[in-house]
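Undergrad: In this note's numbering, the protein residues as written are 102 to 807.
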Ligand code: COA
C-alpha cells in the first residue's frame with residue numbers, strides 16, 4: 102500500500118472537480134455544492150473548459166484545466182462522460198494529482214473493459230491510484246469531506262463503510278441518522294478497477310478516525326489478498342455479502358463442485374479472514390454499532406442484568422442461540438449483588454433486580470459486575486416502568502461503566518418501552534454504549550464482540566504448508582492424461598496423486614485380463630473390490646461396474662466377466678481401460694473430502710459426512726486452502742453430524758486427528774496443483790476408531806481446461 106497516495110484519495114487536502122458544472126442538477130454541480138455544504142476543510146477547485154465564460158460556480162473560481170490550478174491537488178473527482186475520462190486522467194497525471202475519484206459510469210460494468218484499463222494505465226504511469234469508476238464518491242466526517250453526490254455527510258461516528266453498491270451507500274448515509282449508527286467514512290468502491298476492497302481495508306486499518314470497518318460486498322476480485330489483509334487488520338471487520346445464489350453449480354463435475362455455492366465459500370473465507378458476517382442490513386447496522394463502540398469480549402462469561410423476568414428469559418434464549426450461553430454467576434458476586442434487589446430478586450444470571458429496580462440498583466449491580474474478574478461482558482436490560490425515568494437509568498448505567506474504570510469488557514443495553522426509552526437509548530449511544538430496542542438484539546450484538554475475539558484468535562494461527570517434492574511426479578501423471586485427450590483422471594491416477602501427497606489411499610491396481618486380476622488380488626490379499634475403469638462411465642455402480650467382498654480367485658474371475666459385460670451393455674462405445682482390483686477396506690464412518698478451485702479464492706477444501714449426509718442434508722463445510730490441522734479439527738466440529746465422529750450410542754470415537762491431518766495434506770495438494778486441478782473428491786473416505794486412521798476408498802480429479 103502506498104499510504105501517502107491513498108491518503109490523497111481518502112483524506113485529500115485539496116480536491117479538483119473535473120467536469121464541474123454551473124447547472125444545478127448535474128453531478129458536476131452537486132459535488133461542488135456538497136463539498137461546500139459539508140464545510141470541507143481543504144481547497145476546492147472546479148474544472149471546466151468553459152472557465153472563461155462560467156468564471157465561478159457557487160462562488161468558487163473555475164479553472165479550464167487542472168494544470169491551471171495554482172496549488173497542489175490531492176484528489177480529482179471526475180464527473181465528465183466516460184470517453185473523456187482518459188484525457189482528464191492524463192491532465193491530472195501531469196498536475197501530479199495523487200488519486201482519481203471516478204464517479205463516471207460506462208466502463209467495465211457495461212463491457213467497456215478496455216476503456217477502464219486505459220484510465221488505470223494512464224493513472225499508474227503517473228503514480229496515481231483510481232477509486233472507481235462507477236461510484237458515488239467518498240465521504241469523510243473527520244475532514245468534512247463530501248466528495249460525492251450523496252446528499253450529506255453521515256451521522257458522525259467511528260465506523261467506516263466500504264460499499265460496492267452506490268445506491269446502497271446513499272441509503273445507508275441517510276439511515277445513519279434514523280438508526281443512530283455513526284460513521285466516519287463512506288467509501289464507494291464501484292468497479293474496483295484499481296483500488297480494491299482489500300486496499301481500502303488496509304488503509305482504514307491505519308486511519309485514526311476509524312474503529313471498525315463495515316463492508317457491503319457483491320463480489321471480491323482478489324480473494325486471497327482480501328483474506329491476508331483482513332487477517333492482519335487490528336480493527337473489527339463486518340461484511341454483508343450479497344448474491345447468495347449458488348454459482349458454478351450447474352457446471353460442476355464433482356460432488357464438491359455441486360455443493361460449493363458462493364455463500365459457503367465466502368462464509369469460509371470470512372471466517373478464515375476473521376471477518377464477521379452480517380445476516381442482513383439490520384444486522385449490519387446492529388453489529389456495526391457494537392463493534393465500533395465496544396471492546397471485544399475476551400471470555401465466555403456473559404452476565405445479564407434486568408428489571409424484568411420476561412426480557413431476561415428472552416435474552417437467555419438469545420444467549421444460547423448466539424453461542425454465549427449463560428452460566429450462574431459465582432457465589433461471591435451473587436452475594437454482593439443481593440444488596441441491590443429485594444428478597445424475591447435473583448442474583449444468579451440473569452440477575453433479576455425485579456421491577457423495583459431504580460437508578461441506584463442499576464448503577465450498583467452494573468459496577469459490581471464489571472469489576473468482578475469472572476464477568477467478561479454484560480447486557481443490561483430495562484423495561485420501562487411507572488416508577489423509573491429511562492434517561493436516569495441510562496445515565497446510571499453510563500456512570501457505572503465510567504466509575505468502574507473497566508475498559509476492556511463490553512456492555513450492550515436494551516430498553517423496551519416508548520419514546521422516553523428511545524430517547525434514553527439515543528443518549529446511551531451518544532455516550533458510547535450500544536443500545537437496542539430488543540433484548541435479543543443486544544445479546545446478538547455482544548455475541549458478535551465475543552465472536553470477534555474468537556475469530557481473531559483463529560485468524561492469527563500460523564499456516565503449516567507441508568513441503569512436498571512430488572509435484573513433478575504428479576504433473577507427469579496429469580500430463581499423460583491430457584496427452585490422452587482426457588480432462589479427468591482415472592481412479593488409479595487420482596489415487597497415485599493422492600498418495601504422492603501423503604493421503605492414505607487403498608491399494609489399487611489396474612487389471613487388463615482375468616489372469617492379471619487374480620494375481621493382483623493375491624498380491625493385495627483377499628477380500629478385494631473390483632471396479633470398472635472407463636472415462637466414459639463416471640457412475641460405476643449404476644453401470645453394474647462394482648463388485649465388493651470378493652473372497653477368492655473364482656469370485657475374482659467371475660466378477661471380471663460380469664463387470665465387463667455390464668459395462669459394455671451400459672455403454673457399448675465406452676472406452677474401457679480395464680478393471681481395478683483394490684484392497685477391501687474394513688467398514689468405517691464414511692466421510693467425503695473434496696475441493697473446488699473457486700474463481701475468487703482459488704483452491705478450497707470441503708469436508709462432510711458421506712452417504713445420505715452429503716447427498717440429502719448437504720451437511721458440509723468449506724475452507725480456503727491451505728487448511729491447518731487445527732482448522733481441520735474445527736471443520737469436523739462444525740458440521741451438524743459432528744457427534745457421529747465423536748462417537749455416539751456406545752461407538753468409539755473416530756480418528757479425528759488422522760482425518761484432520763488428511764484434510765491438511767489434501768489442502769496442500771490442491772494448493773500445490775492449483776494450476777492443474779479444477780475439482781476433486783475423495784469419496785468415500787473411511788474413518789476408523791481413534792488411533793486406527795482413515796482410508797481414501799475412491800478418488801476423482803477433474804483437470805482445469807488448458
Ligand atoms: N474537463 C472538465 N470538464 C469538462 C471536460 C473536460 N475535459 N469536458 C467536458 N466537461 C464538462 C462539460 O462541459 C460539462 O459541464 P457544463 O455543464 O458546464 O457543460 C461537465 O463537464 C459534465 O459533462 P456533461 O457532458 O454535461 O456530462 P453529464 O453531467 O451529463 O454526465 C456523468 C457526466 C459523469 C455524470 C455521466 O456520464 C455519468 O457517468 N453518470 C452516471 C454517474 C453514476 O451514476 N455513477 C455511479 C453511481 S453508483
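By construction, the Cβ of each residue, glycine as well, lies at the ideal position given by its N, Cα and C atoms. Just so it is clear, the structure is predicted and the values come from calculations on it, not from any experiment.
Taking 8 Å as the cut-off, decide whether the C-beta atoms of residue 494 and residue 534 are in contact.
TA: Position 393 of the chain shown, counted from the start, is the residue given in the question as residue 494. Position 433 of the chain shown, counted from the start, is the residue given in the question as residue 534. Their beta carbons are not under 8 Å apart, which means residue 494 does not touch residue 534 by this criterion.
Undergrad: What would DSSP say about residue 772, mapped onto helix, strand or coil?
TA: Along the chain shown, one-based indexing puts residue 772 at 671. Note: residue 772 maps to helix in three-state DSSP.
Undergrad: On the three-pair Cβ rule with 8 Å, is the segment 459 to 473 touching the segment 381 to 398?
TA: Contact fails: fewer than three Cβ-Cβ distances are below 8 Å.
Undergrad: Kindly examine the ligand COA and report whether one of its heavy atoms sits closer than 7 Å to the Cβ of residue 188.
TA: Taking the first residue of the chain shown as 1, we reach residue 188 at position 87. Flag set: Cβ of residue 188 near the ligand COA.
Undergrad: For residue 106, which residues in the same chain have their Cβ closer than 8 Å to its Cβ, ignoring the five residues on either side in sequence?
TA: Taking the first residue of the chain shown as position 1, residue 106 is located at position 5. Once the five neighbours on either side are set aside, the close Cβ partners of residue 106 are 199, 200, 228, 229 and 230.
Undergrad: Excluding the 5 residues flanking residue 352 on each side, which residues of the same chain have their C-beta closer than 7 Å to its C-beta?
TA: Stepping through the chain shown from its first residue, residue 352 is reached at position 251. Note that residue 352 scores 49 on pLDDT, short of 50, meaning its location in the model is unreliable; the coordinates nonetheless yield the value given after this. For residue 352, where only same-chain residues beyond five positions count, there are no Cβ hits under 7 Å.
Undergrad: Express the C-alpha separation of residue 728 and residue 350 in angstroms, rounding to a whole number.
TA: Taking the first residue of the chain shown as position 1, residue 350 is located at position 249. Taking the first residue of the chain shown as position 1, residue 728 is located at position 627. Because the pLDDT at residue 350 is just 42, under 50, the model does not fix this residue reliably, and the value given afterwards should be weighed accordingly. Roughly 23 Å separates the two Cα atoms.
Undergrad: In angstroms with no decimal places, state the Cα-to-Cα distance between residue 501 and residue 551.
TA: Along the chain shown, one-based indexing puts residue 501 at 400. Along the chain shown, one-based indexing puts residue 551 at 450. Cα to Cα, the separation comes out at about 22 Å.
Undergrad: With DSSP as the reference, identify every bridge partner of residue 200, one or two as the case may be.
TA: What you label residue 200 is simply residue 99 of the chain shown in a count that begins at 1. According to DSSP, which records beta bridges pairwise, residue 200 is partnered with 176 and 230.
Undergrad: May I have the straight-line CA-CA distance separating residue 737 from residue 709, to the nearest angstrom?
TA: Position 636 of the chain shown, counting from 1, holds the residue named residue 737. Position 608 of the chain shown, counting from 1, holds the residue named residue 709. So the alpha carbons of these two residues sit roughly 8 Å apart.
Undergrad: Assuming residue 296 and residue 341 make a contact with CB atoms under 8 Å, what is their CB distance in whole Å?
TA: Locating residue 296 in the chain shown gives position 195, where the first residue counts as 1. Locating residue 341 in the chain shown gives position 240, where the first residue counts as 1. Their Cβ separation, rounded to whole angstroms, is 20 Å, which puts residue 296 and residue 341 out of contact at 8 Å.
Undergrad: Name the one or two DSSP bridge partners that residue 406 has.
TA: Start at 1 with the first residue of the chain shown, and residue 406 comes out as number 305. Beta-bridge pairing links residue 406 to 452 and 481.
Undergrad: Is the segment 686 to 706 touching the segment 667 to 674, taking contact as three or more C-beta pairs under 8 Å?
TA: No: fewer than three Cβ pairs fall under 8 Å.
Undergrad: With distances taken from CA atoms, which of 579, 731, 629 and 628 is nearest residue 758?
TA: As a first step, residue 758 is located in the chain shown; it is residue number 657 there, counting from the start. Residue 731 is the option with its Cα nearest to residue 758.
Undergrad: Would the beta-carbon of residue 205 be found less than 7 Å away from any heavy atom of the ligand COA?
TA: Translated into the one-based positions of the chain shown, residue 205 becomes position 104. Indeed, a heavy atom of the ligand COA lies less than 7 Å from the Cβ.
Undergrad: At a cut-off of 7 Å, would you count residue 252 as near the ligand HEM, judging by its Cβ distance to the nearest heavy atom?
TA: In the structure on display, the ligand HEM does not appear, and the ligands it does have are the ligand COA.
Undergrad: Say yes only if the C-beta of residue 119 is nearer than 7 Å to one or more non-hydrogen atoms of the ligand COA, and no if none qualify.
TA: Taking the chain shown and counting its residues from 1, the one referred to as residue 119 is at position 18. Residue 119: yes, Cβ under 7 Å from the ligand COA.
Undergrad: What are the uninterrupted segments assigned as alpha helix (DSSP H) that are 4 or more residues long and contained completely in the segment 591 to 635, given in chain order?
TA: Within the segment 591 to 635, the complete alpha helix (DSSP H) runs of at least 4 residues are 592 to 601 and 615 to 625.
Undergrad: Please return the same chain residues whose Cβ sits closer than 7 Å to the Cβ of residue 426, not counting the five positions on each side in sequence.
TA: For this step, residue 426 is matched to residue 325 along the chain shown. Here the set comprises 420.
Undergrad: Do residue 149 and residue 115 count as a contact pair if the criterion is CB distance below 8 Å?
TA: Translated into positions along the chain shown, residue 115 becomes position 14. Translated into positions along the chain shown, residue 149 becomes position 48. No. Outside cutoff.
Undergrad: At a cut-off of 7 Å, would you count residue 181 as near the ligand COA, judging by its Cβ distance to the nearest heavy atom?
TA: On the chain shown, position 80 is the one that residue 181 refers to. Residue 181: yes, Cβ under 7 Å from the ligand COA.
Undergrad: Considering only heavy atoms of the ligand COA, does any lie closer than 7 Å to the CB of residue 272?
TA: Locating residue 272 in the chain shown gives position 171, where the first residue counts as 1. No, the Cβ of residue 272 stays beyond 7 Å of every heavy atom of the ligand COA.
Undergrad: With distances taken Cα to Cα, identify the nearest neighbour of residue 270 among 484, 243 and 239.
TA: Stepping through the chain shown from its first residue, residue 270 is reached at position 169. When only C-alpha atoms are compared, the closest one is 239.
Undergrad: Given that a residue counts as buried once 16 or more other Cβ atoms are within 10 Å of its Cβ, and exposed if not, what is residue 651?
TA: For the purposes of this step, residue 651 is taken as residue 550 along the chain shown, with counting starting at 1. Residue 651 comes out buried.
Undergrad: Under 8 Å, do residue 286 and residue 311 count as touching if we go by C-beta distance?
TA: Start at 1 with the first residue of the chain shown, and residue 286 comes out as number 185. Start at 1 with the first residue of the chain shown, and residue 311 comes out as number 210. Closer than 8 Å, so yes.
Undergrad: For residue 809, is the classification buried or exposed, using 16 other Cβ atoms within 10 angstroms of its Cβ as the cut-off for buried?
TA: Residue 809 lies beyond the range of the chain shown here (102 to 807); nothing can be said about it.
Undergrad: So within the segment 731 to 796, which uninterrupted beta strand (DSSP E) runs reach at least 3 residues, ignoring any that extend past its ends?
TA: If we require 3 residues or more, the beta strand (DSSP E) runs fully inside the segment 731 to 796 come out as 778 to 788.
Undergrad: Report the CB separation of residue 236 from residue 289 in whole angstroms; it is logged as a contact under 8 Å.
TA: Mapped onto the chain shown, residue 236 falls at position 135. Mapped onto the chain shown, residue 289 falls at position 188. That pair is a contact at about 4 Å.
Undergrad: Using 8 Å as the cut-off, can you tell me whether the segment 783 to 792 makes contact with the segment 680 to 695, which would need three or more C-beta pairs spanning the two stretches below that distance?
TA: The segment 783 to 792 is in contact with the segment 680 to 695.
Undergrad: For residue 745, I'd like the list of residues in its chain whose CB is within less than 7 Å of its CB, leaving aside the five on either flank, ordered along the chain.
TA: Position 644 of the chain shown, counting from 1, holds the residue named residue 745. Contacts found: 690 and 710.
Undergrad: Please classify residue 321: does DSSP put it in a helix, a strand, or coil?
TA: In the chain shown, the residue the question calls residue 321 occupies position 220. If DSSP states are grouped into helix, strand and coil, residue 321 belongs with coil.
Undergrad: When you measure from the CB of residue 127 to every non-hydrogen atom of the ligand COA, does any distance come out below 7 Å?
TA: Here residue 127 corresponds to residue number 26 of the chain shown, with the count starting at 1. Yes, Cβ of residue 127 sits closer than 7 Å to a heavy atom of the ligand COA.
Undergrad: Over the uninterrupted beta strand (DSSP E) stretch that includes residue 714, give me the two end residues.
TA: On the chain shown, residue 714 is found 613 positions in, with the first residue counted as 1. Residue 714 -> not in any beta strand (DSSP E); alpha helix (DSSP H) instead, spanning 713 to 716.
Undergrad: Can you tell me whether DSSP reads residue 723 as helix, strand or coil?
TA: Walking along the chain shown from the start, residue 723 turns up at place 622. Residue state, collapsed to three classes: strand.
Undergrad: Taking 7 Å as the cut-off, is the beta-carbon of residue 291 closer than that to any non-hydrogen atom of the ligand COA?
TA: Counted from its first residue, the chain shown places residue 291 at position 190. It does: the Cβ of residue 291 is within 7 Å (strictly closer) of some heavy atom of the ligand COA.
Undergrad: Measuring only from the beta carbon, is residue 249 closer than 7 Å to any heavy atom that is part of the ligand COA?
TA: As a first step, residue 249 must be located in the chain shown, where it is residue number 148. Outside the cutoff, so no.
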